[in-house]
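Novice: One structure, pasted below without further comment.
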Amino acid sequence: MTKRVSSLGLIAILLVFTAASALAATKTTTIHVKGMHCKMCSASVTKALKAVDGVQNVDVSWEKGTAIVDYDDQKVTEERLREVVNSTGFQVVDEKTE
Amino acid sequence: MRKAIASIFLVVAVQILVVGQAQQAPPVVLKDLTGRTVRIDAFKGKVVMLNFWATWCPPCRAEMPGLIKWQREFQEKGLQVVGITYPPTKVQDVRQFTRRIKVNYPILLGSKETKALFDSSEIMPVTIIIDRNGMVKDRIEGIILPEEFEQKVKPLLN
């Protein structure tokens, strides 16, 4: 009985640690993008970001000039995400400039 | 009973016809940058990537070096990239840009109507994949990812 309780306790601790590490790996960043003027533009940025391994969710707004990205920081860096946005022909800026 | 069978036959025949028509690339005739007339169906026998683009569209410009590279690498296997401009188009800008990046495939001057023949979306760029028999096989929205080229274009070149 004691053994069973200890095993269950161990499993519970492992689950908590696994969940905690999974949560810690997910980050959200807002990338400011210059040059998007229509829906067509945001679609290209969305497609490019979604194709990156580790990206979990993407919300690109051409009106706001932003790309909000949920990503696994164990698989991809924010720097890489910024490079991907730049590769679509738009320009990543520090903050909204237009 | 005979009428019912005839009706079913007619419906199936019409569907086959409609599907067939939908897949065949429409016969498009456009001018190139030198004013020459070019028919899209003149490329029959090749795998055609019909790329709708515009000088004012940053993703369109960004993907063109990739198209140039694929045209160079797979030309001998029968790949033919064809760029079709989308308005508003300043021909001078198109000339300057395509010269600057050394485009190695034909650029034709299109219109909204030209794009509408192949694609009803508002997305740009859009690339239509046409097989050697002139049949529309696929369409790729946005910048073409290398894996999309591998999956959707390369198998047609074999």
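Line order of the protein sequences matches chains F and D. Each residue of the first sequence is one higher than the one before, counting from 22 in the numbering used here. Each residue of the second sequence is one higher than the one before, counting from 385 in the numbering used here. Just so it is clear, CB atoms sit at the ideal spot from N, CA and C, and this is done for glycine as well.
1) Nearest-angstrom Cα distance between D:Gln-455 and D:Leu-463?
2) If the cut-off is 9 Å on Cβ atoms, which residues from the segment 71-88 of chain F count as contacting chain D, listed in chain order?
3) Is D:Leu-492 near D:Leu-414, with beta carbons less than 7 Å apart?
4) Looking at the strands, I want to know which residues DSSP matches up with D:Glu-561.
5) Distance, Cα to Cα, D:Tyr-470 vs D:Val-510?
6) Going residue by residue through the segment 440-474 of chain D, where are the continuous alpha helix (DSSP H) segments of at least 4 residues, counting only ones entirely within it?
7) Is F:Ser-65 close to chain D, meaning its C-beta is less than 7 Å from at least one C-beta of that chain?
8) What residues in the segment 490-510 of chain D bring their beta carbon closer than 8 Å to a beta carbon of chain F?
9) Give a yes or no on contact between the segment 441-459 of chain D and the segment 416-423 of chain D, applying the rule of three or more CB pairs nearer than 8 Å.
10) Mind checking D:Asp-515: buried by the 16 CB within 10 Å criterion, or exposed?
11) With a CB to CB cut of under 7 Å and the five nearest residues on each side skipped, what residues in its chain are close to F:Glu-132?
12) Residues of chain D with CB under 9 Å from F:Thr-109, in chain order?
13) Compare the C-alpha of D:Lys-428 against each of D:Phe-436, D:Trp-440 and D:Ala-409 and name the closest.
14) Step through the CB atoms of chain D and report whether any lies within less than 7 Å of the CB of F:Lys-68.
15) Starting from F:Lys-96, find everything on chain D with Cβ-Cβ shorter than 9 Å and list it in chain order.
16) Skipping 5 residues on each side, what residues in its chain have a beta carbon closer than 7 Å to that of F:Asn-103?
17) Determine, using beta-carbon pairs with one atom in the segment 65-73 of chain F and one in the segment 94-110 of chain F, whether at least three such pairs fall under 8 Å.
18) Given a cut-off of 7 Å, decide if D:Leu-540 and D:Val-431 are closer than it, judged by their beta-carbon atoms.
19) Indicate whether at least one CB of chain D lies closer than 7 Å to the CB of F:Asp-93.
20) Quick one: what's got a C-beta closer than 6 Å to D:Ala-406's C-beta in the same chain, skipping five residues either side?
21) Would you check if the distance between the CB atom of F:Lys-96 and the CB atom of F:Asp-74 is smaller than 7 Å?
Specialist: On the basis of the coordinates in this document:
1) 6 Å
2) Ala-72
3) yes
4) One cannot answer for residue 561 of chain D here, as it falls past the ends of chain D, which runs 385 to 542.
5) 10 Å
6) 442-458
7) yes
8) Glu-506, Ile-507, Met-508 and Pro-509
9) no
10) buried
11) In the structure as shown, chain F begins at 22 and stops at 119. Residue 132 of chain F is therefore absent and cannot be evaluated.
12) Pro-442, Pro-443, Ala-446, Glu-447, Gly-526 and Ile-527
13) D:Ala-409
14) yes
15) By Cβ distance, chain D contributes nothing, its closest Cβ being about 17 Å from F:Lys-96, past 9 Å.
16) Here the sequence assigns Arg to residue 103 of chain F, which means Asn is not the residue at that position. So the list reads Ile-52 and Val-113, once near-sequence residues are dropped.
17) yes
18) yes
19) no
20) In this prediction, D:Ala-406 has a pLDDT of 47, which is less than 50 and means its spatial position is unreliable; nothing more can be read from the coordinates.
21) yes
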